[in-house]
Amino acid sequence: MKRFVTIIPLQNPKNLHDVSYESFGGEKMLTSQLKTRFPILIPIDTLVEKGEEIAVTAICIGRKFVKGNYEHFKAVLSEMAVSKGFLLPEENITVIEMADSEDEATHMKLFKDMSYHLTARSNEEIYADMTYGTKPMPMIIMMALTYAHKFGCDSSVEAVIYASYDEHSNINRSKVYDVTSLFYMNSAVNNMANLKISDPMKLMEGFMT
Numbered sequence: 008m009k010r011f012v013t014i015i016p017l018q019n020p021k022n023l024h025d026v027s028y029e030s031f032g033g034e035k036m037l038t039s040q041l042k043t044r045f046p047i048l049i050p051i052d053t054l055v056e057k058g059e060e061i062a063v064t065a066i067c068i069g070r071k072f073v074k075g076n077y078e079h080f081k082a083v084l085s086e087m088a089v090s091k092g093f094l095l096p097e098e099n100i101t102v103i104e105m106a107d108s109e110d111e112a113t114h115m116k117l118f119k120d121m122s123y124h125l126t127a128r129s130n131e132e133i134y135a136d137m138t139y140g141t142k143p144m145p146m147i148i149m150m151a152l153t154y155a156h157k158f159g160c161d162s163s164v165e166a167v168i169y170a171s172y173d174e175h176s177n178i179n180r181s182k183v184y185d186v187t188s189l190f191y192m193n194s195a196v197n198n199m200a201n202l203k204i205s206d207p208m209k210l211m212e213g214f215m216t
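Counting from 8, one number per residue, gives the positions in the sequence shown under my numbering.
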């Protein structure tokens, strides 16, 4: 089953607007005519087929506008499920809550919650969007994805995306980026360290060309 992971935006919904996203690298997965304020909907739009069942994980920090933004996200997602004909049962939508704090305990709790969540089932294809959230949150989610990649039961991290969004701009177009290679590069660095590779950068350059 495909699982789509996203961080719900913290911004005032008055400052969020639907835009058309252009794939920076021309990836088919991110090439969509959809106008949205939630970039995770782009791969849902391009990858999910009629009749397919999916799962969604929404990370919500305890701030003023997040609950309303989540309800809007859920409503748009439900409309998309009906229009495209895919299956999203209520039990397949998971909310991971995070306290509005930047202390170490809060960060570790999010890491543990996400790591347990992403390894609770087998044979999942994980797609994650890092557009929104506080600055540490993408790092924490990347760590949880690494945990799922290393210790999950036949689950795979298929894509990690990031979209540029300027809430103070009136533009109606922006870009979305596939940063999956960075995720796997981090994993490769860890593997090379364990193997004590003599010239790791030479090997890394081979990955990057």
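Beta carbons: idealized from backbone N, C-alpha and C, even for Gly.
Cβ neighbour criterion (16 or more within 10 Å) applied to residue i
i, result
"P50", "buried"
"D136", "buried"
"N111", "The identity of residue 111 in the sequence shown is Glu, whereas the question assumes Asn. Flag for E111 reads exposed."
"P46", "buried"
"A155", "buried"
"M105", "buried"
"A82", "exposed"
"I168", "buried"
"G140", "buried"
"G159", "buried"
"L48", "buried"
"A170", "buried"
Unbroken beta strand (DSSP E) run spanning residue i, endpoints
i, result
"T101", "I100 to M105"
Strand pairing of residue i, partner residues [DSSP]
i, result
"L117", "Looking at the DSSP assignment, L117 forms no beta bridge with any residue, so it has no partner."
"F11", "V63 and Y134"
"Y28", "S181"
"T43", "V26"
"I68", "M105"
"S129", "C160"
DSSP state of residue i mapped onto helix, strand, coil
i, result
"T187", "helix"
"V164", "strand"
"L23", "coil"
"L94", "strand"
"S122", "helix"
"K170", "For clarity, residue 170 is Ala in the given sequence; the question names Lys instead. If DSSP states are grouped into helix, strand and coil, A170 belongs with the strands."
"S194", "helix"
"F207", "For the sequence presented, residue 207 should be read as Pro rather than Phe. Helix, per DSSP."
"L202", "helix"
"K57", "coil"
Own chain, CB closer than 6 Å to residue i, minus 5 neighbours either side, in chain order
i, result
"V12", "T64 and A135"
Sequence-distant residues of the same chain with beta carbon closer than 8 Å to residue i, five excluded per side
i, result
"E132", "M8, K9, R10, S162, S163 and E165"
N- and C-terminal bounds of the alpha helix (DSSP H) containing residue i
i, result
"G75", "V73 to K91"
"I148", "P143 to F158"
"I49", "L48 to L54"
Cutoff 7 Å; reference residue i; Cβ partners in own chain excluding five residues on either side
i, result
"A151", "F118, M121, S122 and L125"
"S30", "L37, T38 and V183"
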